[in-house]
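S.K.: Take this structure first; my questions come after.
Protein chains: 2
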Amino acid sequence: MTRQESHAQTRDRLVATAHRLFLADGYNATSLERVAAEAGFSKGAVYSNFATKPELGLAVLDLIHAERAMSLAAAVGSGSVTEQVAGFARWAEENIGDVGWTALEVEFATSTRHLDGMRSELATRRRALTAMIAALIEDQADQQGLKLPMPAEDAAVQLLSLGIGLGVQRAFDPELPIRSLVDLLTRLIESATPR
Amino acid sequence: MTRQESHAQTRDRLVATAHRLFLADGYNATSLERVAAEAGFSKGAVYSNFATKPELGLAVLDLIHAERAMSLAAAVGSGSVTEQVAGFARWAEENIGDVGWTALEVEFATSTRHLDGMRSELATRRRALTAMIAALIEDQADQQGLKLPMPAEDAAVQLLSLGIGLGVQRAFDPELPIRSLVDLLTRLIESATPR
DNA sequence: GTCTATAAATCGATAGAC
DNA sequence: GTCTATCGATTTATAGAC
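Here you go:
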């Protein structure tokens, strides 16, 4: 194994461990020492791969976004409209709130937004995520031969924002149902017209 | 001034100062020492009024909720439907994102949700806030003689959740428009039927 | 590139004086 | 009830050995 491969593997292990610990205990409550130890390294390995703790946080954020993008696209699938909505409902049930992804993203974003350069880093990722959802919506609408009543980008903002709001509240009150997220998608589809 | 009045005044000053500093720099980044100093006290005064930092955070949260409830009800007013929507749009423009209330609430909630008993404290406040919005919606619908297409509670959850999601994202990307929040309210009203 | 050791600073919380 | 002084614990980040 070359040095580059070894370096990349160390980095991946650190990110994966940080991902797990951040989800379990939160970003602020997890020390870099614990991340290093549970990954089988010492703190030196962390700082040779990431200049600061927020930088590690951004790497974890990217991992989460990649996972979510893949699982969402897979869950929605390419069947009938009814199947797609059902797939989205299942995905939302498993991904909004309970897992804690949303709460982690939001804790990280709100806790680090005052740091230099962090706002633009977060804004870039938000726009990429919104664009991904918008593209997914547009693809599906095309396949179904539907014309949406609003730009796909607007629909993506609404779905993402509602998902964030529900996810945050469900992090401390799991009784809150995610029903309204599926409602929003259903109303969006119902108000679409055949093209 | 009696001892009780003096005590209450000290507490109010501390909460008001914490409110200001938390909004400016965030909950995690603000130390109790700074709160005490800028309020004209020492840390001892803080700990004689609040057992822990999260307890002070909850007091600030209550202050924010009270402010928001009053300003929202006042902004919506009691005019025509058009005027009410316009009032809500103005209120949203001034309150979602820029001021930082949402980001603070969410930072506090996600950062302290692992602490003992904190989840139930936050859940209680979420339900009260949702009930307040639902009551406001129901009152306005009654006055306008409208019957909503869904329970007022569901509409309240959607509006609050979307507002939280937008507010969080606008905290680090102010270019994100709050348009979709007004859109949601408009669609809600449009789908209402005269009773 | 990673580890050990340590620096440097901060912060929440407590004890005792007044 | 508030202030002063301090504890104790933790954490981020760095310096130098290997």
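Heads up: the sequence lines are chains Y and W, in that order. Numbering of the first sequence is given in my numbering, commencing with residue 1 and proceeding in unit increments. Numbering of the second sequence is given in my numbering, commencing with residue 1001 and proceeding in unit increments. Cβ coordinates follow ideal geometry from the N, Cα and C atoms, glycine included.
I'd like the span of the alpha helix (DSSP H) that includes residue 204/Y, first residue to last.
M.R.: Look at the range of chain Y in this structure, 1 to 195, and you will see that residue 204/Y is not part of it.
S.K.: Can you give me the C-alpha to C-alpha distance between residue 1017/W and residue 1009/W, rounded to a whole angstrom?
M.R.: Going from the Cα of residue 1017/W to the Cα of residue 1009/W covers about 12 Å.
S.K.: Kindly indicate which three-state DSSP category residue 1115/W falls into: helix, strand or coil?
M.R.: It is coil, neither helix nor strand.
S.K.: Do you know offhand how far residue 1090/W's Cα is from residue 1051/W's?
M.R.: C-alpha separation (whole angstroms): 39 Å.
S.K.: Measure how close the beta-carbons of residue 53/Y and residue 72/Y come, nearest whole angstrom, since I'm counting them as under 8 Å.
M.R.: Residue 53/Y to residue 72/Y, Cβ: 28 Å. No contact.
S.K.: Short of 7 Å in beta carbon distance, which residues of its chain neighbour residue 81/Y, apart from the five on each side in sequence? Order them along the chain.
M.R.: The residues are 144 and 189.
S.K.: Could you check whether residue 35/Y and residue 58/Y sit closer than 7 Å to each other, using their CB atoms as the reference points?
M.R.: It is not a contact, given that the beta carbons lie outside the stated cut-off.
S.K.: How far does the alpha helix (DSSP H) with residue 17/Y in it extend, from its first residue to its last?
M.R.: Unbroken alpha helix (DSSP H) run through residue 17/Y: 3-25.
S.K.: Looking at chain W, is there any beta carbon in it that lies within less than 7 Å of the beta carbon of residue 111/Y?
M.R.: It does: the Cβ of residue 111/Y has a partner Cβ on chain W nearer than 7 Å.
S.K.: Would you verify that the beta carbon of residue 1268/W is, or is not, closer than 7 Å to some beta carbon of chain Y?
M.R.: It is not possible to answer for residue 1268/W, since the shown part of chain W is limited to 1001 through 1195.
S.K.: Assuming residue 1098/W contacts residue 122/Y (C-beta within less than 8 Å), just tell me the rounded distance between them.
M.R.: Going by Cβ atoms, the distance from residue 1098/W to residue 122/Y rounds to 16 Å, so no, they are not a contact pair.
S.K.: What span of residues does the alpha helix (DSSP H) with residue 62/Y cover, start to end?
M.R.: Start and end: 53-76.
S.K.: Report yes if the CB atom of residue 156/Y is closer than 7 Å to the CB atom of residue 130/Y, and no otherwise.
M.R.: Yes.
S.K.: Measure how close the beta-carbons of residue 1076/W and residue 1140/W come, nearest whole angstrom, since I'm counting them as under 8 Å.
M.R.: Correct: roughly 7 Å between the Cβ atoms.
S.K.: Any beta-carbon of chain W closer than 7 Å to the one on residue 180/Y?
M.R.: It does: the Cβ of residue 180/Y has a partner Cβ on chain W nearer than 7 Å.
S.K.: Indicate whether at least one CB of chain W lies closer than 7 Å to the CB of residue 162/Y.
M.R.: By this cut-off, residue 162/Y is an interface position.
S.K.: Excluding the 5 residues flanking residue 162/Y on each side, which residues of the same chain have their C-beta closer than 8 Å to its C-beta?
M.R.: Answer for residue 162/Y: 180, 181 and 184, listed in chain order.
S.K.: In chain Y, which residues lie with their C-beta within 7 Å of the C-beta of residue 1028/W?
M.R.: What residue 1028/W touches in chain Y: 28 and 111.
S.K.: Suppose you measure from the CA of residue 133/Y to the CA of residue 1096/W; what does that come to, to the nearest Å?
M.R.: About 23 Å.
S.K.: Under the rule that 16 or more other beta-carbon atoms within 10 Å means buried, what is residue 26/Y, buried or exposed?
M.R.: Residue 26/Y comes out buried.
S.K.: With a threshold of 7 Å between beta carbons, is residue 1114/W in contact with chain Y?
M.R.: Yes, because at least one Cβ of chain Y sits closer than 7 Å to the Cβ of residue 1114/W.
S.K.: At 7 Å on the CB atoms, spell out the chain W contacts of residue 106/Y, in chain order.
M.R.: Here the neighbours are 1106, 1110 and 1168.
S.K.: Is the CB-CB distance between residue 113/Y and residue 1171/W below 7 Å?
M.R.: Against a cut-off of 7 Å, the Cβ pair of residue 1171/W and residue 113/Y comes out as a contact.
S.K.: Is any beta-carbon of chain W found at less than 7 Å from that of residue 57/Y?
M.R.: Taking Cβ atoms only, chain W never reaches closer than 7 Å to residue 57/Y, which makes this a no.
S.K.: Buried or exposed: residue 118/Y, going by 16 or more other Cβ atoms within 10 Å of its Cβ?
M.R.: By the 10 Å Cβ count, residue 118/Y comes out buried.
S.K.: What residue range does the alpha helix (DSSP H) around residue 49/Y cover?
M.R.: Per DSSP, residue 49/Y belongs to the alpha helix (DSSP H) from 43-49.
S.K.: Shortest alpha-carbon distance to residue 69/Y belongs to which of 137/Y, 146/Y, 165/Y and 168/Y?
M.R.: Comparing Cα-Cα distances from residue 69/Y to each of 137/Y, 146/Y, 165/Y and 168/Y, the minimum goes to 137/Y.
S.K.: Using a Cβ-Cβ cut-off of less than 7 Å, list which residues of the stretch 86-106 of chain Y approach chain W; keep chain order.
M.R.: For the stretch 86-106 of chain Y, which is checked against every Cβ of chain W, the residues closer than 7 Å are 103 and 106.
S.K.: Identify the continuous alpha helix (DSSP H) that holds residue 1032/W and give its terminal residues.
M.R.: Segment 1032-1038, the alpha helix (DSSP H) holding residue 1032/W.
S.K.: For chain Y, check one thing: does any of its Cβ atoms lie closer than 7 Å to the Cβ of residue 1171/W?
M.R.: Taking Cβ atoms only, chain Y reaches closer than 7 Å to residue 1171/W, which makes this a yes.
S.K.: Rounded to a whole number of angstroms, what is the C-alpha to C-alpha distance between residue 1187/W and residue 1063/W?
M.R.: If I take the Cα positions, the gap works out to 31 Å.
S.K.: Can you find a CB in chain W that lies within less than 7 Å of the CB of residue 123/Y?
M.R.: Judged by the 7 Å Cβ criterion, residue 123/Y is in contact with chain W.
S.K.: Taking the alpha-carbon positions, what's the residue 160/Y to residue 1006/W distance?
M.R.: Taking the straight line joining both Cα atoms gives about 47 Å.
S.K.: Taking a Cβ distance cut-off of 8 Å, strictly less, list which residues of the stretch 1124-1142 of chain W are near chain Y, in chain order.
M.R.: Cβ contacts with chain Y: 1126 and 1127.
S.K.: Along chain Y, which residues have their Cβ under 7 Å away from the Cβ of residue 1154/W?
M.R.: Here the neighbours are 180.
S.K.: According to DSSP, simplified to helix, strand and coil, what is residue 146/Y?
M.R.: The answer is strand: DSSP assigns residue 146/Y an E or B state.
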